[in-house]
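Here the sequence shown stands for residues 169 to 252, numbered as in the working numbering. Quick notes on the structure that follows.
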Amino acid sequence: MHPPLDRPHPDCQAEIKALLVCHEKYPYAKFVGACGELKTALDWCFKREKARVRDENFRRAKASDAYVKQKMQERREHERDSAH
Numbered sequence: 169m170h171p172p173l174d175r176p177h178p179d180c181q182a183e184i185k186a187l188l189v190c191h192e193k194y195p196y197a198k199f200v201g202a203c204g205e206l207k208t209a210l211d212w213c214f215k216r217e218k219a220r221v222r223d224e225n226f227r228r229a230k231a232s233d234a235y236v237k238q239k240m241q242e243r244r245e246h247e248r249d250s251a252h
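Pasting the structure below:
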């Protein structure tokens, strides 16, 4: 099973197109493995794409955390300075 192919998968367009062509070319043989190698290539591509997106999200989250920590520290310092 693979995720819906109609949503954007920029890293895997070649694999998606190849699998869809295979499904059109072999409408019944696809059920007995005619397109198995293409499906395996697509699965690996999706795994690589997911790992790339996960890494990007992690980096963005770290940057956001650093920004929030900086703003919280500035606010604490401002409150401490204004209290005296």
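The beta carbon of each residue, even a glycine, is placed where N, CA and C say it ideally should be. Everything numeric in this text was worked out from a predicted model, so none of it was measured.
- With three or more CB-CB distances shorter than 8 Å, the segment 174-182 counts as touching the segment 206-216.
- Contact check for L206 against A186 passes: the beta carbons are separated by less than 8 Å.
- Between A202 and Y194, the beta carbon gap of about 4 Å places them in contact (Cβ cut-off 8 Å).
- Taking 3 residues as the minimum length, the segment 214-245 contains no beta strand (DSSP E) run wholly inside it.
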